[in-house]
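For reference, the structure is listed below as structure tokens.
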Amino acid sequence: MPSSDSARIETLLQRMTLEEKIGQLDQSANPTDDQLRSGACGSWILADSQYAGNSAGPRFTPAQVNARQRLALSSRLGIPLLVARDVIHGHRTVWPIPLGLAAAFDPVLVENAFTAIAREARADGIHWTFTPMLDIGRDPRWGRVAEGPGEDVHLACTFATAAVRGLQGDHPGAPDRLLACAKHFVAYGAAEGGRDYDTAEVGERTLRDTYLPPFAAAARAGCATFMASFNEIGGLPMHAHRALLTDLLKTTWGWEGLVVSDWNGPAELMNHGVAADAADAARQALLAGVDMDMVDGIYRAHLPALIRDGHIPPARLDDAVRRVLRAKERAGLFDQPLVDESLAASVQLTPAHRAHARLSARHATVLLKNQGSLLPLSRDAGRRYTVLGPLHQCRRELLGTWTLDYRLDDTPSVFEAIRELVGPSVNLDTCAGWTFDEAALRARHGTDGVIVVLGEHPLRGGEANSVQDLGLPPGQLDYLRAVHAAGRPVIVIVLAGRALALRDALPFCDALLFAFHGGTETAPALAEILFGLEEPAGRLPVSLPRHTGGVPCHYDRRPTGRPHDPVFSSRYVDGPDDALFPFGFGLGYTSFIYAAVSTKSPHLTPDGTLTLEADITNTGTRSGATVAQLYIRDLVASVTRPVRQLKGFQRLLLAPGETRRVRFTLTAADLAFTRRDFTHGWEPGQFHVWISPDSRSGAPTAFTLVDAP
């Protein structure tokens, strides 16, 4: 982030009238020509309503964007318009939902995905996107878990850094980059009961150690903008939370970017019951640190009088305007405000983008079960497979929530992709519907396997789409039982925007692939996985619960005072309290053995490093990848610490029989946390450490963080 502003910004500030300054703080979904000519609009969001995440809505061409931009440039000071759109996980080419991208456990893949996404969107005249979403998601009933990196802090921090770098690069004003926006600041994912927009009751220590670190990582990566969240914390809505928006973010962290409200967020302070009217809401939001008002218009309507009457210091107004102008300068708009209208056709949906989207879809697919090594399937001539299920012929369901500029014709269905891959020598059977009797009948007649595609429609997830039941959508479990009753091998593919509770479905499938919503190339990626051309490369970025009643069930919970007593312990009396599939889990088409962790010294000094190693052997008959995950536990501290915490991961590709040594390093800073006195730092003592393929397996090795060298 810049430490000082350019002469251009300061000159503009000196020349601007009060109305022109306030205009820069206004973001509109439909600015009028007069507003643009008079400099009364600072940003245009390409959206027709707050339901943009659930509906593609209108498409905007580069010519339309340039026409609006020319009107803004004709204003007295010629300040360009900042054009924004929700380009969350793709533009014309759609990548997996962010939760699926997180399953890759591969920051380079994530960065490259967002680089391609930025290239496509910038070619349509877009400068600013509202991603990455960095809300830690531990209650999958909340629909917006689809938009974030999952339940783990370390994984979310690496995702944040990769996404910001991918979108912005070294120069966000380049013609193939976008300004990023870290959202939703902060603790939006802690909404009570998973109900979107609801209260987040988060303690100070949890806020600091769980919900804030991904945003700190984004700030360190140079993220240009942040978005305030809809929720309240401790009775104070975030759009009025000066302590977090200004005192922490802007002052303590020294972050110099732009804070934008969420859609209608300042006006909703009235609904929260903390603002008497729209003028009061505008005053509170600006003073709290919200620099730009998204679409509700209350800054434009009420700030002139509030400032003239002395309710808002002019210095605060200038600070907000300066941050808006700084964002426009970083986006390169003062030097090149218009977009080349011929560029989009050459950079969108390119073969390279499709290839990377397919790679990403494979890395978003997690193999949860493979009984008897049923997968991969054979493509030998004469083989017969049946492809069924409510989603096997669908296209939209492959893309996921928050996809605005896709074309359905770009996306083959799962059945079409399988047909294309196996060719005419393999017999494929299917049916258009999904009635129980027809499914069972088609599964019975000599098929070598039944591929059943189940899961969620995108409208079951995303914004404002929370659910009470995390099982498969109504009817699908009964359908699966009917197919299984035919007695043929059953391969289930689940498409979803959240962790689902699959306990009841698990007995009725021989193989189970959890594919999230994988984007444009979902179906070809799945076909390649099913028939062994590629491996399922994903690892769970969220724990999959056994039952809805077991959430939240994140792996890094803190120990209780009664963890082991057979009766008086923290447990359920009607079932296990652990996850059905733990965070980090994922099978492949080969097998691995992890040796015990070794270290040259059992001691870590405050200014030293500790090297941890483990040998990993591919014990199978084909090459394959494993994701080695480093976990630690602080055994005794001034406050309770998680039973395991991820601190690193590496993906390794091993040939059959190959052994490779994986190496991690730890420093005292990696062991820091919010201590009893609310200072941040490490404490000496004993730790356990694991190098394992998931958050549940492996045996620990001990080391000690000593107090002095």
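When we follow my numbering, the leftmost residue of the sequence shown carries the number 85, and every step to the right adds one.
C-beta: ideal position from N, C-alpha, C; glycine also.
Since this is a predicted model, take the numbers as computed values, not measurements.
>> Could you check whether R646 and S653 sit closer than 8 Å to each other, using their CB atoms as the reference points?
In response: Sequence index remark: in the sequence shown, residue 653 carries index 569 (1-based). Sequence index remark: in the sequence shown, residue 646 carries index 562 (1-based). The answer is yes: Cβ separation under 8 Å.
> Got a sec, what are the start and stop residues for the alpha helix (DSSP H) V405 sits in?
Replying inline: One-based indexing of the sequence shown puts residue 405 at position 321. That run of the alpha helix (DSSP H) goes 398-414.
> Mind checking K684: buried by the 16 CB within 10 Å criterion, or exposed?
Replying inline: Taking the sequence shown and counting its residues from 1, the one referred to as residue 684 is at position 600. It counts as exposed.
> Is G708 helix, strand or coil when you go by DSSP?
Replying inline: Looking up residue 708 in the sequence shown gives position 624. Strand.
>> I'd like to check one pair, A448 with A580: are the Cβ atoms closer than 8 Å?
In response: As a first step, residue 580 must be located in the sequence shown, where it is residue number 496. As a first step, residue 448 must be located in the sequence shown, where it is residue number 364. Their beta carbons are not under 8 Å apart, which means A580 does not touch A448 by this criterion.
> With 16 other CB atoms within 10 Å as the buried threshold, where does T213 fall?
Replying inline: Translated into positions along the sequence shown, residue 213 becomes position 129. The residue in question, T213, is buried, as its Cβ has 16 or more Cβ neighbours within 10 Å.
> Apart from the five residues just before and just after G278, which ones in its own chain have a Cβ nearer than 6 Å to its Cβ?
Replying inline: As a first step, residue 278 must be located in the sequence shown, where it is residue number 194. Same-chain partners within the cutoff: D223, R225, W226, S550.
> Using the rule of at least 16 other Cβ atoms within 10 Å of the residue's Cβ for burial, across every protein chain shown, is N114 buried or exposed?
Replying inline: As a first step, residue 114 must be located in the sequence shown, where it is residue number 30. It counts as exposed.
> Among the residues of its own chain, which have a CB less than 7 Å from the CB of N454, if the five just before and after it don't count?
Replying inline: Here residue 454 is taken as the residue at index 370 of the sequence shown, counted from 1. Closer than 7 Å at Cβ, skipping near neighbours: A595, L671.
> So which of T177, E352, I396 has the shortest CA-CA distance to T606?
Replying inline: The residue given as residue 606 occupies position 522 in the sequence shown. It is T177 whose Cα lies nearest to the Cα of T606.
> For K731, which three-state DSSP category applies?
Replying inline: Residue mapping note: residue 731 aligns to position 647 of the sequence shown, counting from 1. Strand.
> Using a Cβ-Cβ cut-off of 7 Å (strictly less than) and excluding sequence neighbours within five positions of L332, which residues of its own chain qualify?
Replying inline: In the sequence shown, counting from the first residue as 1, residue 332 sits at position 248. Answer for L332: no residue qualifies.
> Going by beta carbon distance, what residues of the same chain come within less than 8 Å of R99, once the five residues before and after it are set aside?
Replying inline: Working through the sequence shown from its first residue, we reach residue 99 at position 15. L161.
>> Within 8 Å, do at least three Cβ pairs link the segment 230-245 to the segment 196-203?
In response: no
> So what does DSSP say about Q432, is it helix, strand or coil?
Replying inline: Reading the sequence shown from its first residue, position 348 is the one you call residue 432. If DSSP states are grouped into helix, strand and coil, Q432 belongs with coil.
> Any idea what DSSP makes of S127, helix, strand or coil?
Replying inline: Start at 1 with the first residue of the sequence shown, and residue 127 comes out as number 43. If DSSP states are grouped into helix, strand and coil, S127 belongs with the strands.
> Of the residues V626, P435, P629, L597, which one's Cα is nearest the Cα of F615?
Replying inline: For this step, residue 615 is matched to residue 531 along the sequence shown. Of the listed residues, the one whose Cα sits closest to F615 is L597.
>> Suppose the cutoff is 8 Å on Cβ atoms and the five residues either side in sequence are ignored; what does the same chain contact list for P784 look like?
In response: Taking the sequence shown and counting its residues from 1, the one referred to as residue 784 is at position 700. The answer, listed in chain order, is V681, R717, H772, V773, W774.
> Thinking C-beta only, is L183 closer than 8 Å to V194?
Replying inline: Locating residue 194 in the sequence shown gives position 110, where the first residue counts as 1. Locating residue 183 in the sequence shown gives position 99, where the first residue counts as 1. No, these two residues do not count as a Cβ contact at 8 Å.
>> Does the segment 489-508 come into contact with the segment 562-573, if we say contact requires no fewer than three beta-carbon pairs (one atom in each stretch) closer than 8 Å?
In response: no
> So which of A372, G507, V270, I391 has the shortest CA-CA distance to T283?
Replying inline: To locate residue 283, count along the sequence shown from 1; it is residue 199. Measuring from the Cα of T283, the nearest candidate turns out to be V270.
>> If I measure Cβ to Cβ from T703 and keep anything under 8 Å in the same chain, skipping five residues before and after, which residues do I get?
In response: Taking the first residue of the sequence shown as position 1, residue 703 is located at position 619. So the list reads T674, S675, F676, I677, G741, once near-sequence residues are dropped.
> I think R744 touches I700, with their Cβ atoms under 8 Å apart; what is that distance to the nearest whole Å?
Replying inline: Working through the sequence shown from its first residue, we reach residue 744 at position 660. Working through the sequence shown from its first residue, we reach residue 700 at position 616. Right, their Cβ atoms sit about 6 Å apart.
> What did DSSP end up calling D364 once you bin it into helix, strand or coil?
Replying inline: As a working mapping, residue 364 is identified with position 280 in the sequence shown. If DSSP states are grouped into helix, strand and coil, D364 belongs with the helices.
> Bridge partners of N702, per DSSP?
Replying inline: The residue given as residue 702 occupies position 618 in the sequence shown. The partner list for N702 (beta bridge, DSSP) reads F676.
> According to the neighbour-count rule (16 or more other Cβ atoms, all chains shown, within 10 Å of its Cβ), is D380 buried or exposed?
Replying inline: One-based indexing of the sequence shown puts residue 380 at position 296. Answer is buried; the Cβ neighbour count reaches 16.
> According to DSSP, is S426 helix, strand or coil?
Replying inline: By 1-based counting over the sequence shown, the position of residue 426 is 342. S426: coil per DSSP, three-state reduction.
> Over what stretch of residues does the alpha helix (DSSP H) that includes H568 continue unbroken?
Replying inline: If you number the sequence shown from 1, residue 568 lands on position 484. Start and end: 560-568.
> Below 8 Å, can you find three or more Cβ-Cβ pairs linking the segment 520-530 to the segment 480-491?
Replying inline: no
> Quick one, which of A411, A786, P191 has its alpha-carbon nearest L719's?
Replying inline: Looking up residue 719 in the sequence shown gives position 635. Out of A411, A786, P191, A786 has the C-alpha closest to the C-alpha of L719.
> What is the rounded straight-line gap between the Cα of Q368 and the Cα of A305?
Replying inline: Translated into the one-based positions of the sequence shown, residue 368 becomes position 284. Translated into the one-based positions of the sequence shown, residue 305 becomes position 221. If you take the alpha carbons of Q368 and A305, they lie about 29 Å apart.
> According to the Cβ coordinates, are L538 and L475 closer than 8 Å?
Replying inline: Here residue 538 is taken as the residue at index 454 of the sequence shown, counted from 1. Here residue 475 is taken as the residue at index 391 of the sequence shown, counted from 1. Yes.
>> Report the start-end ranges of each alpha helix (DSSP H) in the segment 185-252 that is 4 residues or longer and not cut off at the edges.
In response: 191-206, 237-252
> Quick one: does the C-beta of F762 sit closer than 7 Å to a heavy atom of the ligand NAP?
Replying inline: With respect to small molecules bound, the structure shown includes none, and the ligand NAP cannot be examined in it.
> Which residue or residues does DSSP assign as beta-bridge partners of E697?
Replying inline: The sequence position of residue 697 within the sequence shown is 613, counting from 1. Note: E697 sits in a beta bridge opposite S682, R747.
> What's the C-alpha gap between D132 and D110?
Replying inline: Taking the sequence shown and counting its residues from 1, the one referred to as residue 132 is at position 48. Taking the sequence shown and counting its residues from 1, the one referred to as residue 110 is at position 26. Roughly 16 Å separates the two Cα atoms.
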